[in-house]
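Protein chains in written order, with my numbering: chain V, 1 to 127; chain U, 128 to 220. We put the beta carbon where it would ideally sit given N, CA and C, even for glycine.
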């Protein structure tokens, strides 16, 4: 029973480390901010969640310590990491970082221009 | 088992060094922000591995704290980059 528990923990930690290394390769080699944020938010979240799950099982099965804070940390990371990635990409777009030449379509550009025209139309003149 | 966790910790620290290269080099400010956010996530992994290596569950509480602070830092930095101010005021205030 102890051997099976150790095998599961080692498997989860190894998956976490592999996804961490994939994150670093993606951030170092992808061409622009948007693809890098994609690599950072998805792959890093999966990696750290798998690793924390392995460590939670280690403390539960081997030490007999059921850590609620660790579970709460996993849930918190799962909720906030996509929000952070989206906010960073949006800030990059609004501050005018150009996407790479390989980008096929840019639908947000039309929407931003439309909204800018609309807000100028609604602004009172006596300001 | 300790050798395995030590190797994992070394790999995580090497990954953080690779991300530091992106922070140093990054062509734009959002590049550096993305790399800093990923460094925060990897700091969580490093502390979790350290708590196994030192054989104590007391480091676990720091994980939640670092996750919350890293998220607040990311949100405030992106608001600052996007608009030039962190707390926006409405037209009536």
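Query: Buried/exposed call for residue 162/U, threshold 16 Cβ in 10 Å; Result: buried
Query: Cβ distance (whole Å) where residue 50/V is taken to contact residue 26/V below 8 Å; Result: That belief does not hold up - the Cβ atoms of residue 50/V and residue 26/V are roughly 17 Å apart, past 8 Å.
Query: Coarse secondary structure for residue 10/V, derived from DSSP in three states; Result: helix
Query: Any C-beta of chain V under 9 Å from that of residue 196/U; Result: no
Query: Under 9 Å between C-beta atoms of residue 169/U and residue 23/V; Result: yes
Query: Proximal chain U residues relative to residue 6/V, where beta-carbon distance stays under 8 Å; Result: 128
Query: Endpoints, alpha helix (DSSP H) assigned at residue 169/U; Result: 156 to 180
Query: Spatial distance of residue 69/V from residue 100/V (CA atoms); Result: 41 Å
Query: The region 165 to 180 of chain U / the region 190 to 198 of chain U touching (three or more Cβ pairs under 8 Å); Result: yes
Query: Chain-ordered neighbours of residue 140/U on chain V, where CB pairs are closer than 7 Å; Result: Neighbours of residue 140/U on chain V: none; closest Cβ ~11 Å, over 7 Å.
Query: Proximity below 9 Å, CB of residue 185/U to CB of residue 174/U; Result: no
Query: Neighbouring residues, chain U, relative to residue 3/V (Cβ below 7 Å); Result: The premise fails here: residue 3/V is roughly 12 Å from chain U at the closest Cβ pair, so nothing lies under 7 Å.
Query: Contact with chain U by residue 117/V, beta-carbon distance below 9 Å; Result: no
Query: Between the CA atoms of residue 189/U and residue 58/V - distance to the nearest angstrom; Result: 18 Å
Query: Closer than 9 Å to chain U by CB, residue 63/V; Result: yes
Query: Beta-carbon proximity check, residue 55/V vs residue 9/V, cutoff 9 Å; Result: yes
Query: Local Cβ density within 10 Å of residue 78/U, reported as buried at 16 or more and exposed below that; Result: There is no way to answer for residue 78/U, as the model of chain U reaches only from 128 to 220.
Query: Per-residue DSSP class, three states only, for residue 100/V; Result: coil
Query: Below-9 Å beta-carbon distance, residue 131/U vs any chain V residue; Result: yes
Query: Beta-carbon proximity check, residue 202/U vs residue 73/V, cutoff 9 Å; Result: no
Query: C-alpha gap between residue 183/U and residue 106/V, whole angstroms; Result: 50 Å
Query: Chain-order list of residues whose beta-carbon lies under 8 Å from that of residue 114/V (same chain, five-residue window excluded); Result: none
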